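A.B. asks: Would you mind keeping the following structure in view while I ask a few things?
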Amino acid sequence: MADHGVFFALLMSEEPAATERRQALEFSRGFAELFTQIDATKPPECSDVQVFVNRVVEAMKPLIDYKARLGEAQESERLRSLVWPLFFEHTRHGAERWTRRLQALAGGEPELDRAEVVKFWSNIMVEHARFVAHLLDPNQFELIEKATNTGKVFAELTRGPGGATRTTLREPGAIDGSLIQNPETDAVLGAAQTMLDFKTEFARNIEAARIKSIIDPRLADHVCREALKFIDELKRAV
Ligand SMILES: [Fe+2]
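Here the numbering used here is used: the sequence shown runs in plain steps of one and ends on residue 1126.
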């Protein structure tokens, strides 16, 4: 959430969006502070989980509202920033899911539902791939195509039974075979690993200025960490 605020601000110039930019940076500071506080204290005892969760969920509410409001404003051109509407929607979906996840934890239900994990994160991966393609220098034809295809894999995989076979036929190498025991259920894990490898190499190339783009290294790092989170949740899901 702290990163999202920074990304919005980076894509908003002072002249058409001074207020929205200031608010984005305020959200970023607030969540960075919340993170520091959480990181400095021990995990809550069972009896304190509800209070702990409420604090984070309450902090998230105005940010969710901001993302929804500005997404609509950008779509209707009342806001003229460089944050495209899907970016607002994408980051709002992330915040809403975290709210649901935290509330489930507070309700004593820590299990992750595999179908939900696959559906949510696959969509996030497709959108990340589109964001990367969109922010590359228009001359980087090959990378734009590679990013787009890496994203398409998830759309194909989650489009009903037989997804793994269809994907392998269309995009050989899209699924990391070393992780596959059961082709249908492990294919998503294999594709997530391929996606993480792509993003990790990509982030290193951004940092070393080997790629022409308008991608901030913090954004490259952020999408890497989300792929890592996808893999982590997949491994723990039932
Ligand atoms: Fe994110």
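Beta carbons: idealized from backbone N, C-alpha and C, even for Gly.
In this text the structure is predicted, and so the values were computed from the model without any measurement.
(1) Taking the Cβ atom as the reference point for each residue, do L1107 and F975 lie within a distance shorter than 8 Å?
(2) At the level of alpha carbons, what is the spacing between T1036 and D891?
(3) Please find out if some non-hydrogen atom of ligand 1 comes closer than 7 Å to the beta-carbon of H1022.
(4) To which residues does DSSP link L1024 through a beta bridge?
(5) Cutting at 8 Å between CB atoms, please list the residues of its own chain near K1123, excluding the five before and the five after it.
(6) How about E1156: is its Cβ closer than 7 Å to a heavy atom in ligand 1?
(7) Does the region 990-1007 come close enough to the region 920-932 to have 3 or more Cβ pairs within less than 8 Å?
(8) Do the region 1108-1116 and the region 1084-1098 touch if we need at least three Cβ pairs shorter than 8 Å?
(9) List, from N- to C-terminal side, the alpha helix (DSSP H) runs of 4 residues or more that fit wholly inside the region 974-1028.
(10) Assuming contact is defined by CB atoms lying nearer than 8 Å, are L1045 and A1075 in contact in what I supplied?
(11) Which class does R966 belong to by DSSP, given the choice of helix, strand or coil?
(12) Is the closest heavy atom of ligand 1 to the C-beta of T987 under 7 Å?
(13) Leaving out five residues on either side along the sequence, give the residues of the same chain with a beta carbon under 7 Å from the beta carbon of P973.
(14) Could you check whether the Cβ of H1110 sits closer than 7 Å to any heavy atom belonging to ligand 1?
(15) Once you ignore the five residues that flank S916 on each side, which residues in its own chain have a CB closer than 6 Å to its CB?
C.D. replies: The answer reads as follows:
(1) Here residue 1107 corresponds to residue number 219 of the sequence shown, with the count starting at 1. Here residue 975 corresponds to residue number 87 of the sequence shown, with the count starting at 1. Taking 8 Å as the Cβ cut-off, L1107 and F975 do not qualify as a contacting pair.
(2) Locating residue 1036 in the sequence shown gives position 148, where the first residue counts as 1. Locating residue 891 in the sequence shown gives position 3, where the first residue counts as 1. So the alpha carbons of these two residues sit roughly 23 Å apart.
(3) Numbered from 1 along the sequence shown, position 134 holds the residue referred to as residue 1022. Checking every heavy atom of ligand 1 against the Cβ of H1022, none is found closer than 7 Å.
(4) Here residue 1024 is taken as the residue at index 136 of the sequence shown, counted from 1. S1101.
(5) Residue numbering aside, residue 1123 sits at position 235 when the sequence shown is read from its first letter. Residues of the same chain with a CB within less than 8 Å of the CB of K1123, apart from the 5 flanking positions on each side, are L1077 in chain order.
(6) Outside the shown range of the chain (889 to 1126) lies residue 1156, about which nothing can therefore be said.
(7) no
(8) yes
(9) Segments of the alpha helix (DSSP H) lying fully in the region 974-1028: 1002-1023.
(10) In the sequence shown, the residue the question calls residue 1045 occupies position 157. In the sequence shown, the residue the question calls residue 1075 occupies position 187. In this structure, A1075 lies closer than 8 Å to L1045 by Cβ.
(11) Taking the first residue of the sequence shown as position 1, residue 966 is located at position 78. Correct three-state label for R966: coil.
(12) The sequence position of residue 987 within the sequence shown is 99, counting from 1. Answer for T987: no, Cβ out of range of ligand 1.
(13) Taking the first residue of the sequence shown as position 1, residue 973 is located at position 85. Answer for P973: G959, Q962, E963, listed in chain order.
(14) Taking the first residue of the sequence shown as position 1, residue 1110 is located at position 222. The answer is yes for H1110.
(15) Along the sequence shown, read from residue 1 onward, the residue named residue 916 stands at position 28. Excluding positions up to five away in sequence, the list reads A890, G893, V894.
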